[in-house]
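Colleague:
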Amino acid sequence: MQRPSLFATLLALSVATLSSCKKEPDVAPTPTSLTARAGADQAVLPEQAVSLDGSASTGSGTLAYQWTVVRKPQRSTLTLGGASTPKATFTPDIVGEYELELTVSSGAAKSQDRVVVRAEQTGPITLSNEVKTQTRLKDRLIDPAQPDYIVSRDLAISAELSIDPGVTVAFERNTAIQLKYEGTLIAEGTADSQIRFTGVKPEKGFWAGIANYSPSTANKLAFVQIQYAGSRGLLSSTKAGLSLFGPNKALMTLADCQLNDTDGYGLYVQEGSVLRNFARNSFRNNAEAGVIIDAYNAALLDAASSFTGGNTRNVVEVLASAIRGNADLTWVALADKTPYRLLGNLAVEAGWTLKPGVTVELSRDAIINVNRDGYISAKGTADQRITFTGSATGSGHWKGIMIYSVSNLNTLEQVDISGAGSSVMASGKRAAVGVFGAGAKLTIKNCRITNSGGYGIAHTPNAEINSDAGTLNTFSGNAQGNVAQF
Numbered sequence: 043m044q045r046p047s048l049f050a051t052l053l054a055l056s057v058a059t060l061s062s063c064k065k066e067p068d069v070a071p072t073p074t075s076l077t078a079r080a081g082a083d084q085a086v087l088p089e090q091a092v093s094l095d096g097s098a099s100t101g102s103g104t105l106a107y108q109w110t111v112v113r114k115p116q117r118s119t120l121t122l123g124g125a126s127t128p129k130a131t132f133t134p135d136i137v138g139e140y141e142l143e144l145t146v147s148s149g150a151a152k153s154q155d156r157v158v159v160r161a162e163q164t165g166p167i168t169l170s171n172e173v174k175t176q177t178r179l180k181d182r183l184i185d186p187a188q189p190d191y192i193v194s195r196d197l198a199i200s201a202e203l204s205i206d207p208g209v210t211v212a213f214e215r216n217t218a219i220q221l222k223y224e225g226t227l228i229a230e231g232t233a234d235s236q237i238r239f240t241g242v243k244p245e246k247g248f249w250a251g252i253a254n255y256s257p258s259t260a261n262k263l264a265f266v267q268i269q270y271a272g273s274r275g276l277l278s279s280t281k282a283g284l285s286l287f288g289p290n291k292a293l294m295t296l297a298d299c300q301l302n303d304t305d306g307y308g309l310y311v312q313e314g315s316v317l318r319n320f321a322r323n324s325f326r327n328n329a330e331a332g333v334i335i336d337a338y339n340a341a342l343l344d345a346a347s348s349f350t351g352g353n354t355r356n357v358v359e360v361l362a363s364a365i366r367g368n369a370d371l372t373w374v375a376l377a378d379k380t381p382y383r384l385l386g387n388l389a390v391e392a393g394w395t396l397k398p399g400v401t402v403e404l405s406r407d408a409i410i411n412v413n414r415d416g417y418i419s420a421k422g423t424a425d426q427r428i429t430f431t432g433s434a435t436g437s438g439h440w441k442g443i444m445i446y447s448v449s450n451l452n453t454l455e456q457v458d459i460s461g462a463g464s465s466v467m468a469s470g471k472r473a474a475v476g477v478f479g480a481g482a483k484l485t486i487k488n489c490r491i492t493n494s495g496g497y498g499i500a501h502t503p504n505a506e507i508n509s510d511a512g513t514l515n516t517f518s519g520n521a522q523g524n525v526a527q528f
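Just so we're aligned, residue 43 is where the sequence shown starts under this note's numbering, counting upward by one.
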């Protein structure tokens, strides 16, 4: 065997030595993972300072911290202290949940974590003493089904009482709010945070309701629910969730409210009281009608409110009352087609306008008297006629419309009048429409007068009625004829 030469041996050793001295490539160290830790969720009292601690966050290098508010109650105005430090602070200013996010960064790397702080009181407060000084009821508990306050006996209010959004006031059996002459009630909720007046138990007629005797222009209920009231009448025998009583000219603004599940009416307004503003309210599942009101306040109802929905009588009931004053009062057609129902006689002593689409039902033997200084203007359209009819079907249920007025504005046009003529109007005559006395005036055309217990139209010789009234109007089923003289 031929042995390798000495030169070949030395060359091989040289190559091996050079190979063993070659530098290996650098390997970057594995970085420590970056993890934000915002701390455990907390339960605190409102207006109690809260400390947020993100110091348990981990990562390599220099860490930067940033706290931000992700979610808070709608009306909260909180500010964060130390938002760019590991330990931030804030004070929850109202009841609710506050969610905050911690962002920890190191160079381009970021990590985030969140913490929830629940701020609420430990339970309800019992209200049993008269409110004699300015008082504010704050929201105490997050769950709106839980009462923040419990009324254990009738709560008299003789100063200003304001109620924050989200508050629930629950009433023990048969208790009420008595808003006195010198008192003021301001309860303004929001669409997302409504105020509730309710019974300790969710039963119709569990508590009595709210009685308002106060003429304060500041009285206001907005985004308020009144439910399960009507255990007893508060001044009269009429039971309602909210009652306005006339002797002191009680005032109230009512907007975006729900008056439901009352063992009586949702709203009762005596003549002399005034709804200063009324908008977008609803009345459902009440044992009577949603509303019982006088003729003046009926003109203050808005078309957008809802008066039909599970009430025993889906009507707006109008008490025997009068339209007085210098202003023209207007009844509008309600969007849900709820009729106005007159429970007794209506005296028209000022201007009364009915818009197209209005329906007026009249109880047995009720009459509309348009007196000398008043007028009636009811002008419907072919598509939206105005209707006067009985609260029950059939001939001769209500008495009729009697015009004594000398105004040129008295007009019935595109109107349906049915079921009148229940009893004598004057001079032994029954009629759906009467025009009586010297100078009394009425223009009546394109009307349908049906099922009168007497005549369709009757007038005295010295009254002024369009000469073509007998031909421009349609008559059918009238017991004694179409047109006659008293």
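Every residue, glycine too, gets a C-beta built ideally from N, C-alpha and C.
On the three-state DSSP scale, how would you describe residue 283?
Modeller: On the sequence shown, residue 283 is found 241 positions in, with the first residue counted as 1. Residue 283 falls in the strand class under three-state DSSP.
Colleague: Does the ligand FMN have even one heavy atom less than 6 Å from the beta-carbon of residue 468?
Modeller: Among the ligands in the structure shown, none appear at all, so the ligand FMN cannot be discussed.
Colleague: Look up residue 271 in the DSSP assignment and give the residues it is bridged to.
Modeller: One-based indexing of the sequence shown puts residue 271 at position 229. Beta-bridge pairing links residue 271 to no other residue.
Colleague: What are the partner residues of residue 147, as DSSP defines its beta bridges?
Modeller: Here residue 147 refers to the residue found at position 105 when the sequence shown is read from its first residue. Paired residue(s): 106 and 152.
Colleague: Where in the region 290-317 do unbroken runs of the beta strand (DSSP E), each at least 3 residues long, occur, reported from the N-terminal end onward?
Modeller: Entirely contained in the region 290-317, the beta strand (DSSP E) runs reaching 3 residues are, in chain order, 293-297, 300-302 and 307-311.
Colleague: Taking buried to mean at least 16 other C-beta atoms within 10 Å of its own C-beta, is residue 359 buried or exposed?
Modeller: Here residue 359 is taken as the residue at index 317 of the sequence shown, counted from 1. Buried, because 16 or more other Cβ atoms sit within 10 Å of the Cβ of residue 359.
Colleague: Can you check which of these residues, 214, 489 and 398, is closest to residue 515 by C-alpha distance?
Modeller: Counted from its first residue, the sequence shown places residue 515 at position 473. Of the listed residues, the one whose Cα sits closest to residue 515 is 489.
Colleague: Rank 476, 409 and 116 by C-alpha distance to the C-alpha of residue 140 and give the top, closest one.
Modeller: For the purposes of this step, residue 140 is identified with residue 98 of the sequence shown, where counting begins at 1. Residue 140 has its Cα closest to that of 116, out of 476, 409 and 116.
Colleague: What residue from 283, 446 and 361 has the CA that sits closest to residue 328's CA?
Modeller: Taking the sequence shown and counting its residues from 1, the one referred to as residue 328 is at position 286. Among 283, 446 and 361, the Cα nearest to that of residue 328 belongs to 283.
Colleague: Assuming the contact rule is C-beta atoms closer than 8 Å, residue 291 and residue 311 should be a hit. Round their C-beta distance to whole Å, please.
Modeller: As a first step, residue 291 must be located in the sequence shown, where it is residue number 249. As a first step, residue 311 must be located in the sequence shown, where it is residue number 269. Actually they are not in contact, since the Cβ atoms of residue 291 and residue 311 sit about 11 Å apart, beyond 8 Å.
Colleague: Please tell me whether residue 226 and residue 202 are closer than 7 Å, where the distance is taken between their beta carbons.
Modeller: On the sequence shown, residue 226 is found 184 positions in, with the first residue counted as 1. On the sequence shown, residue 202 is found 160 positions in, with the first residue counted as 1. In this structure, residue 202 lies closer than 7 Å to residue 226 by Cβ.
Colleague: Measure the C-alpha to C-alpha separation of residue 229 and residue 377 and round it to an integer number of angstroms.
Modeller: Stepping through the sequence shown from its first residue, residue 229 is reached at position 187. Stepping through the sequence shown from its first residue, residue 377 is reached at position 335. Distance between the alpha carbons of residue 229 and residue 377: 27 Å.
Colleague: Taking 8 Å as the threshold, find out whether the region 251-266 comes into contact with the region 285-305 through three or more Cβ pairs.
Modeller: Yes, the region 251-266 is in contact with the region 285-305.
Colleague: Assuming residue 286 and residue 254 form a contact by the criterion Cβ under 8 Å, report the distance between their Cβ atoms to the nearest whole angstrom.
Modeller: Start at 1 with the first residue of the sequence shown, and residue 286 comes out as number 244. Start at 1 with the first residue of the sequence shown, and residue 254 comes out as number 212. Residue 286 to residue 254, Cβ: 5 Å. Contact.
Colleague: Tell me the DSSP secondary structure of residue 388 in three-state form.
Modeller: Sequence index remark: in the sequence shown, residue 388 carries index 346 (1-based). In this structure, residue 388 counts as strand in the three-state DSSP scheme.
Colleague: Is residue 474 near residue 491, with beta carbons less than 7 Å apart?
Modeller: By 1-based counting over the sequence shown, the position of residue 474 is 432. By 1-based counting over the sequence shown, the position of residue 491 is 449. Yes, they are a contact pair.
Colleague: Measuring straight from C-alpha to C-alpha, what distance separates residue 136 and residue 178?
Modeller: As a first step, residue 136 is located in the sequence shown; it is residue number 94 there, counting from the start. As a first step, residue 178 is located in the sequence shown; it is residue number 136 there, counting from the start. The straight-line gap from Cα to Cα measures roughly 13 Å.
Colleague: Looking at the structure shown, is residue 417 part of a helix, part of a strand, or coil, going by DSSP?
Modeller: Reading the sequence shown from its first residue, position 375 is the one you call residue 417. If DSSP states are grouped into helix, strand and coil, residue 417 belongs with the strands.
Colleague: Out of 467, 452 and 380, which one is the CA nearest neighbour of residue 387?
Modeller: Along the sequence shown, read from residue 1 onward, the residue named residue 387 stands at position 345. The candidate whose alpha carbon is nearest that of residue 387 is 467.
Colleague: Check for me: the beta strand (DSSP E) holding residue 473 runs from which residue to which?
Modeller: Here residue 473 is taken as the residue at index 431 of the sequence shown, counted from 1. Start and end: 473-477.
Colleague: Flag this pair as touching only if the region 119-128 and the region 202-216 have three or more C-beta atom pairs under 8 Å; answer yes or no.
Modeller: No, the region 119-128 is not in contact with the region 202-216.
Colleague: According to DSSP, is residue 380 part of a helix, a strand, or is it coil?
Modeller: For the purposes of this step, residue 380 is taken as the residue at position 338 of the sequence shown. Three-state result, residue 380: coil.
Colleague: Please state the DSSP three-state secondary structure of residue 514.
Modeller: Residue numbering aside, residue 514 sits at position 472 when the sequence shown is read from its first letter. Residue 514 falls in the helix class under three-state DSSP.
Colleague: Under the three-state reduction of DSSP, which class applies to residue 57: helix, strand or coil?
Modeller: Here the question's residue 57 lines up with position 15 in the sequence shown. Caution applies to residue 57, whose pLDDT of 40 falls short of 50 and renders its modelled position unreliable; the model cannot decide the point.
Colleague: Taking the continuous beta strand (DSSP E) assigned at residue 480, which residues delimit it?
Modeller: Residue mapping note: residue 480 aligns to position 438 of the sequence shown, counting from 1. Premise fails: residue 480 is in no beta strand (DSSP E) and is neither H nor E.
Colleague: Using only CA atoms, which one of 479, 430 and 418 lies nearest to residue 457?
Modeller: On the sequence shown, position 415 is the one that residue 457 refers to. Per the Cα distances, 430.
Colleague: With DSSP run on the structure shown, which of helix, strand or coil describes residue 505?
Modeller: Counted from its first residue, the sequence shown places residue 505 at position 463. Residue 505 falls in the coil class under three-state DSSP.
Colleague: Tell me whether residue 339 sits in a helix, a strand or coil according to DSSP, three-state version.
Modeller: As a position in the sequence shown, residue 339 is number 297, starting the count at 1. Of the three classes helix, strand and coil, the one that applies to residue 339 here is helix, per DSSP.
Colleague: Restricting to Cα atoms, I'd like to know which of 449, 149, 350 and 433 is closest to residue 303.
Modeller: As a first step, residue 303 must be located in the sequence shown, where it is residue number 261. The residue with the shortest Cα to Cα distance from residue 303 is 350.
Colleague: Relative to the C-alpha of residue 450, which residue among 89, 484, 279 and 161 is closest?
Modeller: As a first step, residue 450 is located in the sequence shown; it is residue number 408 there, counting from the start. That would be 484, whose Cα lies nearest to the Cα of residue 450.
Colleague: With three or more C-beta pairs closer than 8 Å as the rule, is the region 179-187 touching the region 102-110?
Modeller: Output reads no: the region 179-187 does not touch the region 102-110.
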